[in-house]
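Just so we're aligned, residue 17 is where the sequence shown starts under the working numbering, counting upward by one.
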Amino acid sequence: MRFARFVAALAALLWAGAAAAQTPYTDLGLLISSKRYRYGYAYAPAIVREGGVTHMLYCSYGRPGIWDFIRYARSTDGGRSWSDPVVAVEGSDEVGERAACDPSVVRYQAPDDDRPYWYLFYSGNAKDIGTAIFLARADEVTGPYAKWTRRGTWEVDAADPAAIMQPGRPKPDNTGFYGAGQQSVVVSGRSLWMWYTDDTGCAAACPKVLVTRGREPTRLPPGAATDVQGLWSVDVKQDPLGGFALVGIAQAHEAGSALVARHSADGFGWDGPRVLCGEGCLDRYAHNAGLSGDATGALTDGPALVVYGGPLDRDRRCGTCWGRWDLFGGLVPPTALR
17 MRFARFVAAL AALLWAGAAA AQTPYTDLGL LISSKRYRYG YAYAPAIVRE GGVTHMLYCS
77 YGRPGIWDFI RYARSTDGGR SWSDPVVAVE GSDEVGERAA CDPSVVRYQA PDDDRPYWYL
137 FYSGNAKDIG TAIFLARADE VTGPYAKWTR RGTWEVDAAD PAAIMQPGRP KPDNTGFYGA
197 GQQSVVVSGR SLWMWYTDDT GCAAACPKVL VTRGREPTRL PPGAATDVQG LWSVDVKQDP
257 LGGFALVGIA QAHEAGSALV ARHSADGFGW DGPRVLCGEG CLDRYAHNAG LSGDATGALT
317 DGPALVVYGG PLDRDRRCGT CWGRWDLFGG LVPPTALR
């Protein structure tokens, strides 16, 4: 009987090892603890790798009257350990902006620029409009970031930041619609490409991912619908071998969350989805994944870093713990993204 139990246990271990080997995801565990830094939650990261340093901007609690601030941390070991976070962008308008969240950052030289800047696209929320997309820029990825204003200027801590993309139709407070945000931006050719969520064109609240492109970051045209069905928030990177790769969380904020990848030749039509880390691998109730890329939003050599929001302290029972999130992450081989 002991030998039989030993054989059964060995078989189970071998099966588990084989299953793990087939999962194209290496878990790095907890990366940023919101409890440690006492700001309540952390999610929706933007990740840039440059010169051996991994930079991460992400959404976190702001202050009374302003829902969210964007915080910055850096890693010199590929994403396993991080510096203490600092505030990079604060929400500054309690009526017309109300938040600074969902960052996406690329280095880009617009037609009228005399040099490249780090352009940071972020989500705010305007009363009687809903979630909308705002813009800031800086000389360094660490900041300080100057916001694009309604006066057509760039100013740090501007009191009148201007939305560069509003939802398809206004979303007054206390309605079921989200608005337009959760943007992901890359530089492709000489243009900016931006994928973003806008659910206001639906008959009822439902996710819809649009894509737009243009050369002037403050005047991007309204987007066209893509076929990224069932994903509420995606992060897209340009594939150096051609086309675009994305990651997203299927069944976000649910017990059966899964990290999935899709690929596109043109940025509109997507294949897949392919599961990178499913139930039992990914944290339950995961959401808002970010994928690492270079300064232009392209995949880099070697494994890509994926970071997502998950329940505080990795509490598997925490489906009702809305707004209590840490940042978790893992590594994915580039072949799994194509």
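Just so it is clear, CB atoms sit at the ideal spot from N, CA and C, and this is done for glycine as well.
| Asked | Found |
| --- | --- |
| Cβ separation of L315 and L262, assumed to be a contact under 8 Å, to the nearest whole Å | Not a contact, Cβ separation roughly 11 Å. |
| Collapsed DSSP secondary structure at K51 in the structure displayed | helix |
| Min CB distance G272 to chain C below 7 Å | Among the chains of the structure shown, chain C does not appear; only one protein chain is present. |
| Assigned exposure category for A37 - 16 Cβ within 10 Å defines buried | Reliability of the predicted coordinates at A37 is poor, the pLDDT of 42 falling under 50, and the value obtained from them is presented with this limitation in mind. Label assigned to A37: exposed. |
| Inter-stretch contact at 8 Å, needing at least 3 Cβ pairs: the stretch 89-103 / the stretch 134-154 | no |
| Opposing strand residues paired with L328 [DSSP bridges] | Per DSSP, none; premise fails for L328. |
| One or two residues paired with A314 in a DSSP bridge | Q254 |
| Beta carbon of P177 nearer than 7 Å to that of D255 | no |
| Rounded separation between V227 and Q198 - CA only | 12 Å |
| Of the residues G45, E106, G217, Y59, the one placed nearest I265, counting alpha carbons only | Y59 |
| Length of the line joining the Cα atoms of A320 and Y74 | 17 Å |
| Simplified DSSP state of P177, which is helix, strand or coil | strand |
| Extent of the continuous beta strand (DSSP E) run through W170 | 170-172 |
| Pairwise C-alpha distance: I180 and E232 | 11 Å |
| Span separating the alpha-carbon of G56 from that of V121 | 24 Å |
| Buried/exposed call for W209, threshold 16 Cβ in 10 Å | buried |
| L151 - DSSP class collapsed to helix/strand/coil | strand |
| Cβ-Cβ distance between Q182 and A148 below 7 Å | yes |
| DSSP state of G346 mapped onto helix, strand, coil | strand |
| Pick from G184, A274, W98 that is closest to G239, judged by C-alpha positions | G184 |
| N- and C-terminal bounds of the beta strand (DSSP E) containing H269 | First-last for H269: undefined, no H or E at that position. |
| Sufficient close CB pairs (3 or more, under 8 Å) joining the stretch 41-54 to the stretch 335-349 | yes |
| C-alpha distance - V250 paired with T169, whole-angstrom precision | 30 Å |
| Beta-carbon separation (whole angstroms), T42 vs Y88, contact threshold 8 Å | Not really, about 25 Å apart at Cβ, beyond 8 Å. |
| Chain-order list of residues whose beta-carbon lies under 7 Å from that of W248 (same chain, five-residue window excluded) | T213, P223, A268 |
| Runs of beta strand (DSSP E) lying entirely within the stretch 74-108, each at least 3 residues, in chain order | 82-91, 102-106 |
| L30 classed as buried or exposed, judged by whether at least 16 other C-beta atoms fall within 10 angstroms | For L30, the predicted structure reports a pLDDT of 33, less than 50, and the residue's modelled location is therefore unreliable. The matter cannot be settled from this model. |
| Euclidean distance between Cα positions of S204 and T312 | 8 Å |
| Whole-angstrom distance between G296 and A277, CA atom to CA atom | 17 Å |
| Bridge-paired residues (DSSP) for D43 | G346 |
| DSSP-derived helix/strand/coil call for P61 | strand |
| For S273: DSSP bridge partner residues | Answer is none; S273 lacks a bridge partner. |
| Residue from H303, F260, A281 whose Cα sits closest to the Cα of G246 | H303 |
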